[in-house]
Amino acid sequence: MSAPFRTEEFLVNMGPHHPSTHGVCRFLLTMDGEVVVKAVPYIGYLHRALERICENRTYHQCLPVLDRFEYCTSMSCEYAFCLATEKLAGIQAPERAEYLRVIMLELNRIASHLIWYGTTSLDLGAVTPFLYGFREREDILDLFEMTCGQRLTYNYIRIGGVSRDIPPEFIPKLKEFIEKFPRKVDDYEKLLTENPIWIVRNKNVGILSKELALGYGVSGPALRASGVKFDLRRDDPYSLYDRFEFDIPTGTVGDCYDRYLVRMEEMRQSLRIVKQALEQLPAGDIKTKLPPNFKPPKGEVYSRIENSRGEMGIYIQSAGDSKKPLRVKMRGGSYNQLQVMPEIVKGGKIADLVAVMASMDIIMPEVDR
Amino acid sequence: MEIAGIFKYLYEKLASTGLSQAWVDIISYSVAALIVFGFLAVVALFLVWWERKISAHIQQRFGPMRTGWHGWLQTIVDMLKLIQKEDITPATADRPVFYWAPIVAFVAAFMAYVTIPFGAGLIVSDLNIGILYIIAITTFTIISLLMAGWGSNNKYALLGGMRSAAQVVSYEVPMVLAILSVVLFAGSLSMVQIVESQAKIYQWYIFRLPFGPIAFIIYLIAGTAESNRTPFDLPEAEQELVAGFNVEYSGMKFAMFFFAEFVNMFTIAAIGTTLFLGGWQGPWLPSWVWFMLKTLALVFVLMWFRWTFPRLRVDQLMEFSWKFLLPVSFANLIIAGWMKYSKWFNW
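As they're listed, the protein sequences go chains H and S.
Going by my numbering, the letters in the first sequence line up with residues 13 to 381, in that order.
Going by my numbering, the letters in the second sequence line up with residues 13 to 359, in that order.
Below is the structure:
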């Protein structure tokens with residue numbers, strides 16, 4: 013068949029400075045008009061050698077570095093590191109500390125999902141939900157601020173406990189938040205879930221099949237949206253997660269719309285966990301005393317937790333005679349989700365690439381370390 | 013208080029000075045043009061401020077608050093800033109095209125107001141092909157978008173310009189068909205006669221079941237697309253095209269595009285008011301107040317769309333126009349024609 017006129021594929025460099033690449037991700041796109049023929053992600057623009065930096069610091073000093081691993085959910089990153097270290101050294105945090113950790117982790121998950129909600133809708137052209145999402149995130153950040161003085165990089169969860177107890181005004185404020193947040197989530201859903209434009213932009217766009225997701229090691233909400241009911245909070249419980257009741261939302265198709273629904277439901281479930289944890293919160297110590305020269309015994313450990321973007325794993329190798337870890341390796345969910353993207357955006361429009369990227373909730377510092 | 017009387021009085025004064033008719037026409041039309049221009053400049057400034065306020069309140073912000081009472085001076089100050097800015101022309105731009113694009117956009121936006129009746133007797137010129145003239149003139153905007161896209165010599169600007177042209181052309185068709193059903197009933201293309209044919213509230217074309225509301229909705233959707241606003245703001249899709257056709261423009265030229273955009277939005281609302289909402293007619297208040305109230309209400313609806321909807325994808329946009337709006341508007345036109353012919357609902 014001879015073409016009526018000659019067309020050429022052309023290269024488009026999307027990023028690293030582009031409004032919808034969530035930081036500094038760069039895609040080299042081979043385009044046929046508006047259709048993406050091939051997409052190659054280029055990463056590393058935000059590489060800060062975090063793993064190496066950790067190896068030059070004592071265990072306690074590592075925690076602020078972990079905050080910067082993935083700044084949307086700093087609490088989980090700190091917690092993952094603390095969990096690994098505690099496993100290695102055989103430390104048990106007091107019960108109150110564990111409860112506080114769970115509350116903070118889940119609040120942080122909600123805050124992270126709210127950022128995702130805002131930026132996703134912004135990427136698809138709806139400006140207002142962005143501000144709605146950030147409005148409720150503000151309340152959560154206020155709670156964090158009154159507890160640890162920080163709004164983004166908390167350095168709150170410490171090895172053997174948490175840095176300080178919650179102030180007296182924390183609980184009434186949190187109760188108020190628990191009271192109003194379900195209504196707010198309903199508001200978010202009202203704006204987008206039934207919106208026909210939202211549906212045509214997201215339904216059957218960027219379908220991630222179960223096999224592909226498992227093959228690429230995708231985890232977290234993206235995996236659950238593809239229909240795999242896998243959540244480390246239930247399947248490999250850490251902290252006190254086996255004491256709480258919560259559902260694990262899953263999708264069926266694995267398209268952007270499913271990922272959207274799963275995350276919306278996860279916010280509700282996280283709130284449920286916070287509520288239960290607040291009810292059961294015991295009095296007591298918040299910290300296990302550690303020796304001034306804290307040196308975990310020789311050995312290695314890998315521990316994983318369920319982050320808002322998937323499996324967050326920390327591998328630590330300890331020489332036994334040093335205050336510093338011998339080797340630290342971090343695993344974040346975003347990396348795998350970015351790697352699977354070229355497979356699922358192929359043949360779609362460039363606007364679909366934006367939608368898929370938004371729904372995958374990729375955050376570049378986590379990819380680049 | 014009807015303003016039309018004042019103008020009539022002034023016109024008669026001018027005519028009685030003994031000048032020849034040609035001079036009287038030249039002077040009166042120039043004055044009318046200046047008045048309309050001044051009025052629209054104020055309206056555009058107001059709309060920019062209003063949009064910022066509305067968006068802010070939809071998003072639970074305050075919006076501009078510092079300059080003047082609730083920031084009402086903000087757009088004026090912004091304009092002053094834009095006038096002072098350096099006028100940058102990209103080195104590789106096609107200079108004449110780049111230079112003329114904002115002017116074409118500006119002029120096309122204002123030309124439509126020749127035949128829009130702002131109130132009883134408040135019309136620059138009651139052309140007997142009024143609505144046809146408006147449709148023809150507003151389409152000039154496409155040329156300016158293409159000129160801006162091409163003249164900038166920038167990939168994003170060109171893509172934005174092309175998208176915009178394709179979009180406006182394809183939404184023009186259902187829009188004209190929706191307008192046509194009204195024209196069919198009014199039996200005239202003159203804007204004044206269209207308004208006069210809806211003297212009572214139940215005669216407003218939006219209330220003439222079943223074709224009226226459908227035509228109005230088609231008109232509103234197509235109008236949103238024509239003025240390149242969300243959910244059809246693809247030419248300016250920030251997430252894909254950075255800023256669209258005006259990416260290379262700065263200073264006063266940018267301000268002119270901006271101005272034209274808001275004037276176009278007002279045009280869409282003004283035509284909608286005239287065709288479907290009874291134009292200037294209403295009880296108690298002066299006619300121009302009614303016209304402004306209805307028009308601003310429609311502008312509010314357009315702004316409301318913008319701040320609550322996501323954006324369509326470019327192929328979905330075209331599909332929606334050609335596969336849905338067009339057949340519906342054709343069917344609607346047939347229904348309207350049948351109603352007119354069978355003398356049903358012919359109140």
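Virtual Cβ for every residue (Gly too), placed ideally from N, Cα, C.
{"query": "Tell me whether the region 112-121 of chain S and the region 158-169 of chain S touch, counting them as touching only if at least three CB pairs, one residue from each stretch, are closer than 8 Å.", "result": "yes"}
{"query": "Determine whether the beta carbon atoms of asparagine 207 (chain H) and aspartate 267 (chain H) lie at a separation below 8 Å.", "result": "no"}
{"query": "Quick check: is the beta carbon of tryptophan 210 (chain H) nearer than 8 Å to any beta carbon in chain S?", "result": "yes"}
{"query": "In chain order, what residues of the region 272-287 of chain S put their CB closer than 7 Å to some CB of chain H?", "result": "none"}
{"query": "If the cut is a Cβ gap below 7 Å, which residues of chain H does isoleucine 70 (chain S) touch?", "result": "Thr140"}
{"query": "Could you tell me whether any Cβ in chain H is nearer than 8 Å to the Cβ of aspartate 245 (chain S)?", "result": "yes"}
{"query": "Since isoleucine 55 (chain H) is in the alpha helix (DSSP H), which residue starts that stretch and which ends it?", "result": "Counting along the chain, isoleucine 55 (chain H) falls outside any alpha helix (DSSP H), and DSSP gives it neither H nor E."}
{"query": "Please report the distance separating the alpha-carbon of phenylalanine 197 (chain S) from that of lysine 352 (chain S).", "result": "6 Å"}
{"query": "Which residues in the same chain as valine 60 (chain S) place their Cβ atom closer than 7 Å to its Cβ, once the five residues preceding and following it in sequence are excluded?", "result": "Thr87 and Phe274"}
{"query": "So who's on the other strand from glutamate 318 (chain H), going by DSSP bridges?", "result": "H:Glu323"}
{"query": "Does leucine 419 (chain S) get closer than 8 Å to chain H when you measure Cβ to Cβ?", "result": "There is no way to answer for residue 419 (chain S), as the model of chain S reaches only from 13 to 359."}
{"query": "Where does aspartate 110 (chain H) sit, in a helix, a strand or coil, going by DSSP?", "result": "Looking at the sequence provided, one finds glutamate at residue 110 (chain H) rather than aspartate. The answer is helix: DSSP assigns glutamate 110 (chain H) an H, G or I state."}
{"query": "Going by DSSP, which residues form a beta bridge with alanine 51 (chain H)?", "result": "H:Leu41"}
{"query": "DSSP three-state call for methionine 351 (chain S): helix, strand or coil?", "result": "helix"}
{"query": "In chain H, which residues lie less than 8 Å from glutamine 179 (chain S) when you measure between Cβ atoms?", "result": "The contacting residues do not exist; glutamine 179 (chain S) stays about 14 Å from chain H at best."}
{"query": "Which residues in the same chain have their Cβ closer than 6 Å to the Cβ of methionine 13 (chain H), if we skip the five residues on either side of it in sequence?", "result": "In this prediction, methionine 13 (chain H) scores a pLDDT of 49, lower than 50, which makes its location untrustworthy; no coordinate-derived value is stated."}
{"query": "Please determine if the region 327-341 of chain H and the region 306-313 of chain H are in contact, where contact requires at least 3 C-beta pairs separated by less than 8 Å.", "result": "yes"}
{"query": "Based on the DSSP secondary-structure assignment, which residues constitute the bridge partners of serine 330 (chain H)?", "result": "H:Gly311"}
{"query": "According to DSSP, is leucine 289 (chain S) helix, strand or coil?", "result": "coil"}
{"query": "How is the alpha helix (DSSP H) around leucine 23 (chain H) delimited, first residue to last?", "result": "From DSSP, leucine 23 (chain H) is part of no alpha helix (DSSP H) but of the beta strand (DSSP E) over 22-26."}
{"query": "If you check the beta carbons only, do asparagine 258 (chain S) and phenylalanine 271 (chain S) fall under 8 Å apart?", "result": "no"}
{"query": "Flag this pair as yes or no: are the beta carbons of isoleucine 55 (chain H) and aspartate 380 (chain H) separated by less than 8 Å?", "result": "yes"}
{"query": "Measuring alpha carbon to alpha carbon, tell me which residue in H:Gly145, H:Ile374, H:Ser371 and H:Leu302 is nearest alanine 101 (chain H).", "result": "H:Leu302"}
{"query": "Distance, Cα to Cα, valine 234 (chain H) vs glutamate 355 (chain H)?", "result": "Looking at the sequence itself, residue 234 (chain H) is alanine, so the reference to valine does not match. Rounded to whole angstroms, alanine 234 (chain H) to glutamate 355 (chain H) spans 14 Å at the Cα level."}
{"query": "What number of angstroms, rounded off, separates the C-alpha of arginine 286 (chain H) from the C-alpha of phenylalanine 81 (chain H)?", "result": "Per the sequence shown, the amino acid found at residue 286 (chain H) is valine instead of arginine. The straight-line gap from Cα to Cα measures roughly 24 Å."}
{"query": "Between alanine 105 (chain H) and chain S, is the shortest Cβ-Cβ distance under 8 Å, so that the two count as touching?", "result": "no"}
{"query": "Compile a chain-ordered list of the residues in the region 309-332 of chain S whose CB is closer than 7 Å to at least one CB of chain H.", "result": "Trp319, Thr320, Phe321, Pro322, Arg323, Leu324, Arg325, Val326, Asp327 and Gln328"}
{"query": "Mind checking which residues open and close the alpha helix (DSSP H) that includes arginine 284 (chain H)?", "result": "268-292"}
{"query": "Does the separation of the CB atoms of valine 352 (chain H) and methionine 279 (chain H) fall below 8 Å?", "result": "no"}
{"query": "Note down, in chain order, each residue of its chain lying with its Cβ closer than 6 Å to the Cβ of alanine 281 (chain S), except the 5 sequence neighbours on either side.", "result": "Thr307, Leu310 and Val311"}
{"query": "Here's the rule: buried if 16 or more other CB atoms are within 10 angstroms of the residue's CB, otherwise exposed. What is arginine 343 (chain H)?", "result": "buried"}
{"query": "May I have the straight-line CA-CA distance separating glutamine 328 (chain S) from alanine 363 (chain H), to the nearest angstrom?", "result": "11 Å"}
{"query": "DSSP state of isoleucine 103 (chain H), grouped into three classes?", "result": "coil"}
{"query": "For a minimum of 4 consecutive residues, which ranges assigned as the alpha helix (DSSP H) are wholly contained in the region 15-89 of chain S?", "result": "15-27 and 33-70"}
{"query": "Could you tell me if aspartate 373 (chain H) is buried or exposed, where buried requires 16 or more neighbouring beta carbons within 10 angstroms of its beta carbon?", "result": "buried"}
{"query": "Quick one: what's glycine 173 (chain H) bridged to in DSSP?", "result": "H:Arg170 and H:Lys299"}
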